[in-house]
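Going by the numbering used here, the first residue of the sequence shown is number 1, and it counts up by one from there.
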Amino acid sequence: MNAAPLPLPTHEAWHNHTKSISLSTGIRMAYLEAGTPGAQPLLLIHGFTDSSRIWRPAIEQLQRDFHIFAVDLRGFGQSDKPEQYVYSMPQHAEDILALMDALQIGSAFVLAHSMGTMIAQTLAFSAPERVKKLVLCSTMTHMHETPADLQEIENYTKMDIAGMPEDELQKIFLPFPENCGDPSFPACYLQTLRGVTGKGLAAAWRGMSLTDNRNFFQFIKAPVLVLWGDRDDIFTEDYQTEVRAFLSGARYVTLPGVAHEIPNEAPLEMAGLARKFFLG
Numbered sequence: 001m002n003a004a005p006l007p008l009p010t011h012e013a014w015h016n017h018t019k020s021i022s023l024s025t026g027i028r029m030a031y032l033e034a035g036t037p038g039a040q041p042l043l044l045i046h047g048f049t050d051s052s053r054i055w056r057p058a059i060e061q062l063q064r065d066f067h068i069f070a071v072d073l074r075g076f077g078q079s080d081k082p083e084q085y086v087y088s089m090p091q092h093a094e095d096i097l098a099l100m101d102a103l104q105i106g107s108a109f110v111l112a113h114s115m116g117t118m119i120a121q122t123l124a125f126s127a128p129e130r131v132k133k134l135v136l137c138s139t140m141t142h143m144h145e146t147p148a149d150l151q152e153i154e155n156y157t158k159m160d161i162a163g164m165p166e167d168e169l170q171k172i173f174l175p176f177p178e179n180c181g182d183p184s185f186p187a188c189y190l191q192t193l194r195g196v197t198g199k200g201l202a203a204a205w206r207g208m209s210l211t212d213n214r215n216f217f218q219f220i221k222a223p224v225l226v227l228w229g230d231r232d233d234i235f236t237e238d239y240q241t242e243v244r245a246f247l248s249g250a251r252y253v254t255l256p257g258v259a260h261e262i263p264n265e266a267p268l269e270m271a272g273l274a275r276k277f278f279l280g
């Protein structure tokens, strides 16, 4: 019989409960260990501007069935934030593989959101033996950007996120806090975000911009479930049409009335679908 789930911290106490470990890739990565020791391992990979705390409502629903490791990606949360021009998706995937090696996780289920799905894709096709099943929320194959869009990335490098007024920070990065299912999340999210640099955000976005996984989907061996909200105005229907064309063997579920932030807006539905898929 599995042990009882580990205590799940509140958002306010989140960073006091994260662990960190030096990786062979040269960074110190933070992660929250949760769920039930002895259960099957589950990796949670957040998206752009987020950290491991985005998964708290989902962890509440999944903690009895899985031994959970929610990472802070390079440049985010409590992990190291090296000054680089780009945080590439393969580099993020190598960090996660190094974490799995350090924690002696042979293979795991993977649940990812937004930018994290590009990392999860890379993990799944570059090390297929390490991924049991894969759930991708608000995903894409590559960014549909114009040269003018890319110019906007440079605005991040000028941002003083730590010193930005609260209302401005929220307007830019969390314009609809009322959509968050967890009322404790917005203030704590913004507090964590202040530890991220503008240059780091630009490096992460460039990593997405430089990625095109379309021709590599053929090397993903794990079963895949794709979740998409029909109000997603970031990775819209045209992105999903492309994903379906290149990842034709996956299962697809559309969440009515849900926008891009599935872990925030529909955590219970997301967790229920993920649990059924992973354990089925």
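Just so you know, even glycine gets a beta-carbon here, dropped at the ideal spot from N, CA and C.
Considering only C-alpha positions, which residue in the set 243, 11, 169 is nearest to residue 141? 243
In angstroms with no decimal places, state the Cα-to-Cα distance between residue 263 and residue 257. 14 Å
Just reading off the beta strand (DSSP E) that residue 254 is part of, what are its end residues? 251 to 255
Just list the residues that DSSP pairs residue 94 with in beta bridges. Beta-bridge pairing links residue 94 to no other residue.
Tell me the rounded alpha-carbon separation between residue 1 and residue 211. Bear in mind that the predicted position of residue 1 carries a pLDDT of just 49, short of 50, making it unreliable; the figure below should be weighed with that in mind. So the two alpha carbons sit approximately 43 Å from each other.
Could you give the residue range of the alpha helix (DSSP H) that holds residue 115? 115 to 126
I'd like to check one pair, residue 181 with residue 267: are the Cβ atoms closer than 7 Å? yes
To the nearest angstrom, how far is the alpha carbon of residue 150 from that of residue 87? 15 Å
Cα-Cα, which of 92, 32, 170, 23 is closest to residue 117? 92
Suppose contacts are defined by Cβ-Cβ distances below 7 Å. Is residue 225 in contact with residue 277 by that definition? yes
Going along the chain, which residues of its own chain have a beta-carbon closer than 8 Å to the beta-carbon of residue 18, five neighbours each way excluded? 30, 31, 32, 52, 72, 77, 78
Chain-order list of residues whose beta-carbon lies under 7 Å from that of residue 143 (same chain, five-residue window excluded): 208, 209
DSSP three-state assignment for residue 67, whether helix, strand or coil: strand
Who are the near neighbours of residue 219 in its chain, counting only those whose CB is closer than 6 Å to its CB and skipping five residues on each side? 125
Which residues mark the beginning and the end of the beta strand (DSSP E) in which residue 29 is found? 28 to 35
To which residues of the same chain is residue 205 closer than 6 Å at the C-beta, ignoring the five residues directly before and after it? 153
Residue 189, buried or exposed, once every other Cβ within 10 Å from all chains shown has been counted against 16: buried
Going along the chain, which residues of its own chain have a beta-carbon closer than 7 Å to the beta-carbon of residue 15, five neighbours each way excluded? 78
Coarse secondary structure for residue 21, derived from DSSP in three states: strand
Element boundaries [alpha helix (DSSP H), containing residue 240]: 237 to 246
What are the boundary residues of the beta strand (DSSP E) that residue 75 is part of? Note, residue 75: premise wrong, no beta strand (DSSP E); not H, not E.
Is it right to say residue 69 is buried, meaning 16 or more other beta carbons lie within 10 angstroms of its own, or is it exposed? buried
Suppose the cutoff is 7 Å on Cβ atoms and the five residues either side in sequence are ignored; what does the same chain contact list for residue 222 look like? 124, 128, 131, 132, 133, 134
Taking residue 253 as the reference, give the member of 82, 261, 274 with the closest Cα. 274
Under DSSP, the beta strand (DSSP E) around residue 45 begins and ends at which residues? 40 to 45
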